[in-house]
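As structure tokens, the structure follows; a few thoughts come after it.
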Amino acid sequence: MGLFDFLKNKSEPIEKKTEDKPVRKKSENVEYLNQIQKEVHQYLKPLGFKKRGRTFNRQTENGVWQVINFQSGQFPVGENYVIPGIRESFYGKFTVNMGVIIKELYEIRIKGKEKAFYQDYDCQIRTRLSHLISENDYWWNITNDSKLISDQIIEGLNDKGISWLDTFENREKICANWENVNGSSNTAKLDVALIIFQTDKIKGGKLIQEYFDSIESHKGHKEYVKELADELGIKLIENDVE
């Protein structure tokens, strides 16, 4: 049995509230997670990832960055913080977020400026390591058994995570693979068109027009695309049918 087979076979929901367990001090959680992350860093560093805080970045093509982030659960504030089935407490747990950011999309879509280091929430393509392993959301318990937990993370990255990132290691692969990925956003076609537009104005403009024509009911989004096209110097033709 592999180190992360328990993720695939786990029948008990991971969000299950653990009321009987004492709440550990924040400083202990930080210390334990630091050690887990340190051991995972030893695996990621030779692959070209640099670390800042809880996040790792690797640039695979000029302006294309891969992101891995350790997200710890927030401390539950107030006695009524937990609402079963609606809001659970993930305090004392962490999950691993993954993503890919394309610089020009970040600058065009989000109006953001180029950063020295990107976070997972900056990414246009996002997932979690546990989703790649088992198609389920999973939060690891933060414990002092750092070797066991880091081994699970490393095996998951080695088996699924890095290969998923490499599916989007350059713009050519991003354009070819993005729409075929489970969970890709409805605007993936627009983002691909914007990437192509950077090097081929005619083809990219045609794809943006096709995407614009495909928008039916979401008029707010249609107006957004029109304004975006205007900013790029693209004159979209409206073909509304009464």
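Residue numbers 125 to 366, in the numbering used here, belong to the letters of the sequence shown in order.
Just so you know, even glycine gets a beta-carbon here, dropped at the ideal spot from N, CA and C.
Item                                                                                                          : Value
Three-state secondary structure assigned by DSSP to phenylalanine 218                                         : strand
Exposure of threonine 323, with buried meaning 16 or more beta-carbon neighbours within 10 Å                  : exposed
Cβ-Cβ separation, phenylalanine 218 to serine 254 (assumed contact under 8 Å), whole Å                        : Not confirmed; about 11 Å, so no contact.
Tyrosine 167 and leucine 281 closer than 8 Å at C-beta                                                        : yes
Rounded C-alpha distance that separates lysine 349 from glutamate 228                                         : Looking at the sequence itself, residue 349 is valine, so the reference to lysine does not match. So the two alpha carbons sit approximately 16 Å from each other.
Nearest candidate by alpha-carbon position, reference histidine 165, set Thr291, Lys346, Asp275               : Asp275
Meets three-Cβ-pair contact criterion under 8 Å: the region 255-266 and the region 177-190                    : no
For methionine 222 and isoleucine 361, the rounded distance between their alpha carbons                       : 37 Å
Range of the contiguous alpha helix (DSSP H) that encloses lysine 313                                         : 312-321
Stretch pair the region 258-267 + the region 151-166: three plus CB contacts closer than 8 Å                  : yes
Buried versus exposed call for valine 154 [16 or more other C-beta atoms within 10 Å across all chains shown] : exposed
Cβ neighbour criterion (16 or more within 10 Å) applied to glycine 357                                        : exposed
Rounded distance between the beta-carbons of tyrosine 242 and asparagine 186, thought under 8 Å               : Incorrect: roughly 14 Å between the Cβ atoms, too far for contact.
Closest residue to glycine 329 among Lys313, Arg295, Glu303 (Cα-Cα distance)                                  : Lys313
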